[in-house]
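A short worksheet on the structure shown next.
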Amino acid sequence: MSASEPLERRAVISGIGQSAVGRRLGRTDLDLTLEACIQAIADAGLEREDIDGLSTYPGGGFGPPGFSGPGISDVQDALRLKLNWHDGGSEGAGQIRAVFSACLAVAAGLARHVVVYRTVTEGSAQAGGGRQGIGGAPSGGRGIPRFSGPLQWVLPYGAVSAVNWLALIAKRRMYEFGLTREQLAQIALNARRNAERNPKAIYRDPMTLEDYLSVRMISDPLCLYDCDAPCDGSTAVVVSHRDVASDTPHPALHVNAIGTALRGRPSWDQFDDMTTMAARDAAASMWERTDLRPSDVDVAELYDGFSILTMVWLEELGFCGKGESGSFIEDGKAIALDGPLPLNTNGGQLSAGRLHGFGLLHEACVQLRGEGGDRQAPGEPQVAAVANGGGPIAGSILLTKDTP
Amino acid sequence: MTASGPPIRLLPRVDEQNRFFWTGGEEGELRFLACGDCDRYFHPPSPVCPYCLSRNVTPRAVSGKGTIHSFTINFHPWTGAGDPYVIVLVTIAEQDDVRLTSNLVDCDAERVRIGMPVVVQFEHHDDVWLPLFRPDLEAEQDGLPSKDGSDDLPLRDRAGSR
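Sequences listed follow chains A and B, in order. Positions 179 to 582 (the numbering used here) are the ones given, in order, by the first sequence. Positions 18 to 179 (the numbering used here) are the ones given, in order, by the second sequence.
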């Protein structure tokens, strides 16, 4: 680590909020967002007038229906916020980039209290039509649009979803490392076991290995239970300067280090090593900014938009060796709630709903604050690792309960 | 099941930057941009060689031969009902860091494996010639080692290939 203190360490998470979460709530994205934001502000012990920064991923109007949530201007206006700093964007180090920019804004003195939110209504948007590929669901004939940019290289071949692109990584890992479906299943099974203890989770019925192995295949070797559950919901956190940490009603959670690097090619299919992805670089850059080590981490909330992503993050964050995540998790004990590395303790996106990275961030805060209830990891966790993203999109963060 | 493509072809929009690629099949050629200074191929197209930053880049035909670096059999009906299809990631024979996502065709889907030698063929749609790949039977018969050099490893999970 360099001698100077990483600037993100001047930031804390002072409050958290989360709206109702469900498959189809029948509420607007702005409604859900305001519920989460107002809750987070109150949780931080703040008034609306204290909020001078606002940040989100990916910003309004981006991506397919239900994906982006309301933009910064919608939320600012709905709350009549007086902002000194604001930022919303889709490019950067994963969904959690919105938190990173808030940390840096606070460190730079551009704002003191930043509300950061991520909202999805993909559950409602995909109702009836089933989950869509990124090109939408064309009905055929002349109405089919043509594609430019990076999608032109994959969509013509029916590689229309990240599940297709990631199946290529999963297959390559089977070839190089001997990964099995039985091992991969542990990500989904562990998530479901934790979701059984989370009253807000989408899917809470017990799942067996036989259930996993017999459910329909989506893109070999990834099956339905390797894919997260589209849902409606909003998550918000308040990022504040650390000098308020002694005044917060709940323990302020310190940002120890963030991981933002992308050193390989920004591509799903041209990355230099097709057993991994940008997670490799983000994780490496995070550890370069801290004296903490993987063995110091008490709870891990690692992106599981698709189960194979969690496997890659486990390795790249150093919780096991390269290519060893299969054997690391194969009996489920290492990642269980009462194991050495409790993983995705709320059920992850696979079972608790695709809150797109921010559900995992929220859960890390819950665990560090000791508010997990039935799903609280034992031993008063002090250090949490959160990772967001897959393919060329990756960001990670280390949070600590005490001052670093 | 004989592998083919998805039930609906979503097509690229042909423009000045990508025309050489998407129309190369009209002459039966798989083309990539190559650098006239450092002699390397790169993909996707860019006005500048990503290796040496030269602007001396022009399309050049390659052999059309390659190796399957990874694959997946898609079962989900994203674009309407249809048979499962094989998506392959192919490394071209000329340079191991140039890859194409494509479909495997003219092959029993049960036969697809990492390391399999393949050769290009084209499927014509309007102004686009999509490069697809079929097994390179000649190379298979010659027993050429794959680029990966690890063809003899057991192919692990095949549960999806039903």
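We treat Cβ as the ideally placed atom computed from N, Cα and C, and that holds for glycine.
Contact under 8 Å by Cβ, residue i with residue j
i	j	result
A/Gly-231	A/Gly-249	no
A/Ala-214	A/Tyr-295	yes
A/Asp-221	A/His-428	yes
A/Leu-346	B/Phe-88	yes
A/Glu-186	A/Ala-435	yes
A/Cys-405	A/Ile-380	no
B/Gly-81	B/Val-136	yes
A/Ser-279	A/Asp-265	yes
B/Val-79	B/Ile-104	no
A/Ala-456	A/Pro-570	yes
A/Thr-523	A/Glu-541	yes
B/Pro-148	B/Leu-117	yes
A/Leu-210	A/Gly-411	yes
A/Leu-492	A/Phe-506	yes
A/Ile-365	A/Thr-488	yes
B/Leu-27	B/Val-145	no
A/Ala-512	A/Val-190	no
A/Gly-247	A/Val-292	no
A/Ala-283	A/Trp-263	yes
A/Leu-129	A/Arg-226	Lying outside 179 to 582, the shown extent of chain A, residue 129 of chain A is not represented and no answer is given.
For residue j and residue i, believed in contact at Cβ under 8 Å, the rounded distance
i	j	result
B/Met-18	B/Asp-125	7 Å
A/Phe-536	A/Thr-413	4 Å
A/Ala-572	A/Asp-459	7 Å
A/Ala-461	A/Glu-494	4 Å
A/Ser-485	A/Leu-519	That pair is no contact at about 16 Å.
A/Phe-245	A/Glu-300	6 Å
A/Ser-418	A/Ser-268	Incorrect: roughly 25 Å between the Cβ atoms, too far for contact.
A/Ala-218	A/Val-415	6 Å
B/Arg-130	B/Ile-85	7 Å
B/Asn-91	B/Gly-22	Not a contact, Cβ separation roughly 10 Å.
A/Ile-229	A/Leu-259	6 Å
A/Ser-326	A/Leu-203	Their Cβ separation, rounded to whole angstroms, is 35 Å, which puts A/Ser-326 and A/Leu-203 out of contact at 8 Å.
Per-residue burial, residue i [other beta carbons within 10 Å of its own, 16 or more giving buried]
i	result
A/Gly-568	buried
A/Thr-581	exposed
B/Cys-52	buried
A/Arg-188	buried
A/Gly-318	Its pLDDT being 45, under 50, A/Gly-318 is placed unreliably by the model, and nothing is read from it.
B/Pro-171	A caution first: B/Pro-171 carries a pLDDT of 38, below 50, which makes its placement in the model too unreliable to give a value.
B/Asp-181	Since the displayed chain B opens at 18 and closes at 179, residue 181 of chain B lies outside it and no answer follows.
B/Leu-154	exposed
A/His-534	buried
A/Gln-273	buried
B/His-141	exposed
A/Ala-286	exposed
B/Leu-70	exposed
B/Glu-46	buried
B/Asn-94	Correcting the residue identity first, residue 94 of chain B is Pro in this sequence and not Asn. Exposed, by the Cβ-count rule.
A/Gly-499	exposed
A/Arg-553	buried
A/Ser-233	buried
B/Pro-134	buried
Beta-carbon neighbours of residue i, restricted to chain A and to distances below 9 Å
i	result
B/Gly-22	Pro-334, Tyr-335 and Gly-336
B/Tyr-102	Tyr-335 and Gly-336
Contact set between residue i and chain B, taken where Cβ atoms lie within less than 7 Å
i	result
A/Ile-396	Phe-92 and His-93
A/Arg-324	Leu-28, Pro-29 and Arg-30
A/Gln-304	What A/Gln-304 touches in chain B: nothing, since even the nearest Cβ is about 12 Å away.
A/Trp-331	Pro-61 and Thr-118
Chain-ordered chain A contacts of residue i [CB-CB under 8 Å]
i	result
B/Ile-131	Lys-349, Arg-350 and Tyr-353
B/Asn-73	Ordered by position in chain A, no residue passes the 8 Å Cβ test against B/Asn-73, which lies about 22 Å from the chain.
Residues that residue i contacts on chain A, provided the C-beta gap is smaller than 7 Å
i	result
B/His-141	Going along chain A, no residue has its Cβ under 7 Å from B/His-141, so there is no contact; the nearest lies around 12 Å.
B/Thr-89	Asn-342, Ala-345, Leu-346, Lys-349, Ser-397 and Asp-398
B/Leu-47	Under the 7 Å cutoff, chain A gives no residues; its nearest Cβ is about 13 Å from B/Leu-47.
Chain B contact residues for residue i, given Cβ-Cβ distances below 9 Å
i	result
A/Asp-451	Here the premise fails: no neighbours, minimum Cβ distance about 11 Å.
A/Gly-301	Simply none; closest approach about 18 Å.
A/Gln-448	His-60, Pro-61, Asp-114, Val-115 and Arg-116
8 Å Cβ cut-off: residues of chain B touching residue i
i	result
A/Gly-311	Trp-95 and Thr-96
*Can we say the region 463-476 of chain A touches the region 358-368 of chain A, given the rule of at least three CB pairs closer than 8 Å?*
no
*Taking contact to mean at least 3 C-beta pairs separated by less than 8 Å, is the region 440-457 of chain A in contact with the region 20-39 of chain B?*
no
*Which residues, taken in chain order from the region 334-351 of chain A, show a beta carbon closer than 7 Å to some beta carbon of chain D?*
No chain D is present in this structure, whose protein chains are A and B.
*Between the region 88-98 of chain B and the region 554-573 of chain A, do at least 3 Cβ pairs fall closer than 8 Å?*
no
*If you pair each beta-carbon of the region 44-59 of chain B with each one of the region 366-382 of chain A, do three or more pairs fall below 8 Å?*
no
*Tell me, please, whether the region 67-83 of chain B touches the region 332-349 of chain A by the rule of three or more beta-carbon pairs shorter than 8 Å.*
no
*Is there contact here, the region 340-354 of chain A with the region 378-398 of chain A, by at least three beta-carbon pairs under 8 Å?*
yes
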